[in-house]
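Asker: The opening residue of the sequence shown carries number 25 in my numbering; numbering runs sequentially from there.
Backbone N, C-alpha and C define an ideal beta-carbon position, used for all residues, glycine too.
Values in this document were obtained by computation on a predicted structure and should not be read as measured data.
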Amino acid sequence: MVWLGPWLACCLLLLPVRSFSAEVPAGGEAELDAAVLCAAYPEAVLGLEYTPDQKPVLVLANGQRLVYATARDKTAEAALENPDVKDMLEQVYPLGEAGLSPAPGFDPGRRRVTSFFKALYGQDKEAVQAGGVAVPFLGRRLLFHGAHGAAAALNRVGERLAPLVRAHRAWRPTLFPMAGTFCWRPIAGTTRLSLHSFAVAVDFNGNLPYWRTFRGGARIAAERRAFPAEVVAAFEAEGFIWGGKWAAFDLMHFEYRPELILKSRVLAGLTPCPPLPVLGPEEGRPGPAATP
Ligand SMILES: [Zn+2]
25 MVWLGPWLAC CLLLLPVRSF SAEVPAGGEA ELDAAVLCAA YPEAVLGLEY
75 TPDQKPVLVL ANGQRLVYAT ARDKTAEAAL ENPDVKDMLE QVYPLGEAGL
125 SPAPGFDPGR RRVTSFFKAL YGQDKEAVQA GGVAVPFLGR RLLFHGAHGA
175 AAALNRVGER LAPLVRAHRA WRPTLFPMAG TFCWRPIAGT TRLSLHSFAV
225 AVDFNGNLPY WRTFRGGARI AAERRAFPAE VVAAFEAEGF IWGGKWAAFD
275 LMHFEYRPEL ILKSRVLAGL TPCPPLPVLG PEEGRPGPAA TP
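(1) What residues in its chain sit with their C-beta under 6 Å from that of Y234, if we drop five residues either side in the sequence?
(2) Output the distance between the C-alpha atoms of P301 and F141, rounded to the nearest integer angstrom.
(3) Hey, R281 and G163: beta-carbon distance below 8 Å or not?
(4) Would you say the beta carbon of A225 comes nearer than 7 Å to a heavy atom of ligand 1?
(5) Could you say which of A271, V181, I211 and A261 lies nearest to T295 if we only look at CA atoms?
(6) Using three-state DSSP, classify L124 as helix, strand or coil.
(7) Report the rounded CA-to-CA distance for R216 versus W208, giving the unit in angstroms.
(8) Suppose contacts are defined by Cβ-Cβ distances below 8 Å. Is L61 in contact with E283 by that definition?
(9) Would the beta-carbon of H277 be found less than 7 Å away from any heavy atom of ligand 1?
(10) Is H343 near ligand 1, in the sense that its beta carbon is under 7 Å from a heavy atom of that ligand?
(11) Do G71 and A85 have their C-beta atoms within less than 8 Å of each other?
(12) Would you kindly work out how many angstroms separate the C-alpha atoms of M202 and V256, rounded to a whole number?
(13) Less than 8 Å between the C-beta atoms of V69 and T75, yes or no?
(14) What residue does the alpha helix (DSSP H) around R180 start on, and which one ends it?
(15) Let's test the definition: count the other Cβ atoms within 10 Å of the Cβ of T205 and tell me whether it reaches 16, buried, or not, exposed.
(16) If we ignore side chains and look at the alpha-carbon of each, how far apart do A4 and D77 end up?
(17) Out of R135, G240, P126 and A143, which one is the CA nearest neighbour of P66?
(18) May I ask you to check if the CB of D274 is nearer than 7 Å to at least one heavy atom of ligand 2?
(19) From the DSSP secondary-structure annotation, give me the bridge partner or partners of M202.
(20) Can you tell me where the alpha helix (DSSP H) with Y145 in it begins and where it stops?
(21) Grouping DSSP H, G and I as helix and E and B as strand, with all else coil, what is F273?
(22) For A64 versus V152, is the C-beta spacing smaller than 8 Å?
(23) Quick check on this structure: which residue in A100, A250 and V157 has the alpha carbon closest to the alpha carbon of H172?
(24) Could you pull the start and end residues of the beta strand (DSSP E) that R289 belongs to?
(25) Is DSSP giving G156 helix, strand or coil here?
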């Protein structure tokens with residue numbers, strides 16, 4: 025099956041001047057979330073099905089079924105520690121120059137369903153490594169995962185950034201030396217795997233502010249603003265999010281999350297909502313279609 029790269033690229037790149045009404049599917053947030061996941065990872069996500077009691081379940085190509093929402097009224101800590109699909113997409117990533125003053129606990133992209141990323145990129149270090157390819161990037165070669173368009177997207181980011189970095193020599197101490205991409209490890213202070221484990225995250229200079237070690241207090245606001253907005257824009261245009269927009273900030277960090285960028289664009293009316301494969305009998309669906 026061919027990855028829908030051209031379709032997604034069309035949505036991400038060619039349509040910013042058009043405006044679409046931000047229509048959420050009739051099935052609400054579950055169907056919107058499933059639609060952007062299907063569009064971002066068409067080889068891995070088959071669609072949404074409903075249990076007999078009308079609970080949405082995300083169906084993966086490997087046979088896995090992820091219950092969309094596992095519990096109501098989770099604490100923010102529980103949503104981060106043990107997220108479900110709903111939690112994973114709940115906080116809408118702010119595009120462009122927005123998002124530089126996040127409220128406490130607003131970390132769009134930090135809630136990750138580990139089993140989902142294992143299904144996308146590999147169950148263990150060896151499996152991920154086998155899927156890695158070397159991507160030319162600003163004079164280096166970075167190991168990045170070849171699946172789901174990740175390596176191709178990083179390559180395009182590099183093409184966007186090369187002339188900018190040449191023109192802005194003052195950025196170099198901010199960006200370099202780069203800290204790397206692939207490393208199978210938990211996030212510091214947790215048992216949750218970082219997206220570096222799946223070779224779909226890239227770090228610039230390791231001295232950039234990180235929430236666990238930063239001692240500058242309120243200076244973080246200026247640090248966020250000082251990071252080149254053009255670099256952030258180049259990554260976002262290719263389906264990456266920036267850790268500099270998290271309350272638990274990580275300014276060196278970008279990760280490939282095309283589903284989050286796509287959801288943001290749909291809700292902003294910049295891109296039409298992609299189609300959603302609803303699996304199973306129609307009468308399993310909630311809403312008017314389920315009414316006899
Ligand atoms: Zn990182």
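Answerer: According to the structure shown:
(1) D274
(2) 21 Å
(3) no
(4) yes
(5) A261
(6) coil
(7) 11 Å
(8) yes
(9) yes
(10) Beyond the ends of the chain as shown, which are 25 and 316, falls residue 343; an answer cannot be given.
(11) no
(12) 15 Å
(13) no
(14) A174 to A191
(15) buried
(16) With the chain represented from 25 up to 316, any question about residue 4 goes unanswered, as that position is not in the structure.
(17) A143
(18) Ligand 2 is absent from the structure shown, which contains only ligand 1.
(19) N229
(20) T138 to Y145
(21) coil
(22) no
(23) V157
(24) Premise fails: R289 lies in the alpha helix (DSSP H), P282 to L291, not in any beta strand (DSSP E).
(25) strand
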